[in-house]
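Heads up, the thing below is written out as structure tokens.
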Amino acid sequence: MSETVHPVPDDFNARIGPAELDALLKAEESDPHGHWMEQAKRLQWTKFPEQSGDWSFDEDDFRINWFADGKLNLSVNCLDRHLEKHGDRTAIIFEADEPGHGHRYTYRELYEETCRFANLLKQRGVHRGNRVMIYMPMIPEAAAAMLACARIGAIHSVIFGGFSPESVAGRIADCDACAVITADEGVRGGKHIPLKRNVDAALEHRDVQSVIVVTRTGADVPMKDGRDVSYSAVRDQLSTECEAEAMDAEDPLFILYTSGSTGKPKGVVHTTGGYAVWAAATFDWVFDYRDDDVFWCTADVGWITGHTYVVYGPLMNGATSVMFDGVPNFPDFGRFWETVDRLGVTIFYTAPTAIRALMREGDEPVKRYSRKSIRLLGTVGEPINPEAWEWYWRVVGDGRCPVVDTWWQTETGGILISPFPGATPMKPGSATKPLPGVKPLLVDSEGKELHGATSGNLCISASWPGQMRTVWGDHRRFFETYFSTYRGLYFTGDGCRRDEDGYYWITGRVDDVINVSGHRIGTAEVESALVAHPLVAEAAVVAFPHDIKGQAIHAYVTLNAGEEGGEDLRRELNQQVRKEIGALASPERIQFAPTLPKTRSGKIMRRILRKIAEGETAGFGDTSTLADPTVVDQLLAGAREFQ
Ligand code: 6R9
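Each residue of the sequence shown is one higher than the last, beginning at 54 in our numbering.
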């Protein structure tokens, strides 16, 4: 385990240095209400709140509210409030898949685009509280569509373009969406993605009133009369002004589906006021934002990182945010740095999986470019191994840019544990310390709090404004999933070590969630996709460590009696997972297993399956409760082909 400490680089003149951070932490501790009201001043409110946090994690009195008596609109906070002083500042730099193709939107242009979209939604009968699905490439219109929903009080739900029509259909049904905003096609790494056709396929299951289609490639796509509208055909007739709804702070802003350890993906609900305060504050704190920064977060808007740090956080702070519609290796492995130089990017935020993939290509594609504009680097999405951290710091950052390793989740709305770049000495592989107002706690499996330097399950004992409020349509599931494991605590699902200096080292998920390249995948979802195949009797899915992806999927599949597995069936099963979920969930390995290791009561012993997938051949612990102990040897024999 690396215990190197990198001090804050001398010439990194952050707004928040050690003294300022200390004052901020003390202010929060001595007067939490005053601290949160101070943070609320970051926003423009229609009615400024008097209440801050009002919450309880106890079952009898379970509630989470922030700034509940306040009223505001988030599109106003992202756009209108900047117009007078910074209307001509660039809000979004669109960087297309093809290098150098793209354009810039000023705050005024983004405002006008958002109003046009909002007016179109209204014309199509979309009202405050309705759900709107967004299934789009990383183009500025995606941001405008999100902001348009926020403007009229509709609740958006963005789905990553890599999800299949089945997944889209499931989400539309779950939140009863009345409209879908999409594009004719997406383009990634030179490949075209048939977004509109996927939407059409999804809507065969369940139709919506309106589909709004933005032109990205100009591909010829079928349009259904009465339902489908081409945005470019009507755009010029739409007004560039649209009054914003004054939303209650606790009105839902968006739903974002994410995988958990059981069942179908959950619709994580974030509300308006608290989410906005948290997104605005954390963006400012962690990225030391300044007026002349060019901020590039490489995440897709289909994930929470794209919501909070491509769209809402940067725009609320009046920043210039890069929207990148490409991939790190197209046209070659220098793409990120070529783009950094061309756009003058000052803050760069990406995922460990991308860093590891680039590191494998050596230093040359990085050194080919100057990167001198960069002053701060960040990572998010999964644990970063110290080697990858050091490479990022030394090669990409030339040893002069702080690296902020930011730990957070879809559920947390924004960053919870991260260095302050100008104040926190860094340890490669550690997300360092909680942000002001964040109260992490480690517990053992019984829920007993562990003190000092120790390892345990990571919980949070106090609410923060950006916390999710419910699971769409299933408030009980919200409580059960996050607050029932350890009484009175929010359980993150992550394991964690705390060292002598109080630094947190996230070790990864301790539940049945697999993190493949920073994408959360529920084992239950993949298993149910596999057993949907007519030849499959049973399936169990576990993670194994992968050099680039962090984790990858190992699927154990038991076929119906008399059936035999082979390469063709493997391909079919992979296809099945792609169809039900999307390519991101397709297993790296499929092992045909005569039976699965089960206890006498019929529970699959995943612990054994995990160990075998990790390449272990002994030390399976107590196997005496297995109904058939010989199954372990059979599984080991079958796993040999993967080692
Ligand atoms: C923002 C995001 C959340 C899960 C989380 C954890 C892992 C995220 C991390 C990290 C170690 C970091 N994770 N950031 N692990 N260090 N800096 O990724 O949200 O997609 O919901 O994933 O990702 O396991 O629980 P989400």
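The C-beta atom is built at its ideal place from N, Cα and C for all residues, glycine as well. Given the structure is predicted, the values throughout are model-derived calculations rather than measurements.
- Under the three-state reduction of DSSP, Glu-502 is assigned to strand.
- Gly-434 and Glu-667 have their C-alpha atoms some 22 Å from each other.
- Residue range 642-645 is occupied by the beta strand (DSSP E) that includes Gln-644.
- Excluding residues up to 5 positions away in sequence, Met-189, Pro-190, Leu-248, Val-267, Arg-269 lie with their Cβ nearer than 6 Å to the Cβ of Ala-236 in the same chain.
- Within its own chain, the residues whose Cβ lies closer than 7 Å to the Cβ of His-572, once the five positions on either side in sequence are excluded, are Leu-637, listed in chain order.
- One thing to note: Gly-123 has its Cβ no nearer than 8 Å to the Cβ of Ala-333.
- Linking Pro-436 to Pro-481 through their CA atoms gives a straight-line distance of about 10 Å.
- Proximity of the beta carbon of Trp-331 to the ligand 6R9 is not indicated: no heavy atom of the ligand is located closer than 7 Å.
- DSSP lists Tyr-402 as the bridge partner or partners of Cys-350.
- In this structure, Ile-559 has its CB closer than 7 Å to one or more heavy atoms of the ligand 6R9.
- Where Arg-631 is concerned, the enclosing alpha helix (DSSP H) starts and stops at 620-633.
- If you compare the alpha carbons of Thr-648, Glu-591, Gly-674 with that of Gly-691, the shortest gap goes to Thr-648.
- Between the alpha carbons of Ala-149 and Val-380 lies a gap of roughly 10 Å.
- Relative to the ligand 6R9, the beta carbon of Ala-226 is positioned no closer than 7 Å to any heavy atom.
- CA-CA distance, Ala-680 to Gly-452, rounds to 56 Å.
- Distances taken from the Cβ of Trp-460 to the heavy atoms of the ligand 6R9 include one shorter than 7 Å.
- Contact annotation, Leu-127 with Tyr-365: C-beta distance approximately 7 Å; criterion of less than 8 Å satisfied.
- The closest heavy atom of the ligand 6R9 lies less than 7 Å from the beta carbon of Glu-435.
- For the stretch 496-569, the full-length beta strand (DSSP E) segments reaching 3 residues or more read 507-513, 543-551, 557-562, 566-569 along the chain.
- Gly-603: member of the beta strand (DSSP E) spanning 603-612, first to last residue.
- When secondary structure is reduced to three states using DSSP, Arg-653 falls in the coil class, being assigned neither helix nor strand.
- The count of Cβ pairs closer than 8 Å, one atom from the stretch 64-71 and one from the stretch 88-100, stays below three, leaving the stretches out of contact.
- For the stretch 101-186, the full-length alpha helix (DSSP H) segments reaching 4 residues or more read 134-139, 160-176 along the chain.
- Residue pairing of His-323 in beta bridges, as defined by DSSP: Phe-307.
- For the ligand 6R9, no non-hydrogen atom lies closer than 7 Å to the CB of Trp-442.
- Taking the Cα positions, Cys-202 is about 15 Å away from Val-354.
- Counting along the chain, no beta strand (DSSP E) covers Ile-205; the unbroken alpha helix (DSSP H) around it starts and ends at 193-205.
- A contact is defined here as three or more CB-CB pairs under 8 Å, and the stretch 220-227 meets this definition with respect to the stretch 304-321.
- Gln-290 counts as exposed, since fewer than 16 other beta carbons sit within 10 angstroms of its beta carbon.
- Closer than 7 Å to some heavy atom of the ligand 6R9: that describes the Cβ of Asn-568.
- Contact between the stretch 378-392 and the stretch 138-156 is present, with at least three C-beta pairs closer than 8 Å.
- Apart from the 5 residues on each side of it in sequence, Asn-627 sits with its Cβ closer than 8 Å to the Cβ of Ser-639, Pro-640, Ile-643 in its chain, given in chain order.
- Closest in alpha carbon position to Glu-620, among Phe-645, Pro-587, Thr-403, Trp-108, is Phe-645.
- Arg-663 and Tyr-160 have their C-alpha atoms roughly 50 Å apart.
- Looking only at Ile-601, Val-594, Val-579, the smallest Cα-Cα distance to Lys-632 is reached by Val-579.
- Under the three-state reduction of DSSP, Pro-190 is assigned to coil, being neither helix nor strand.
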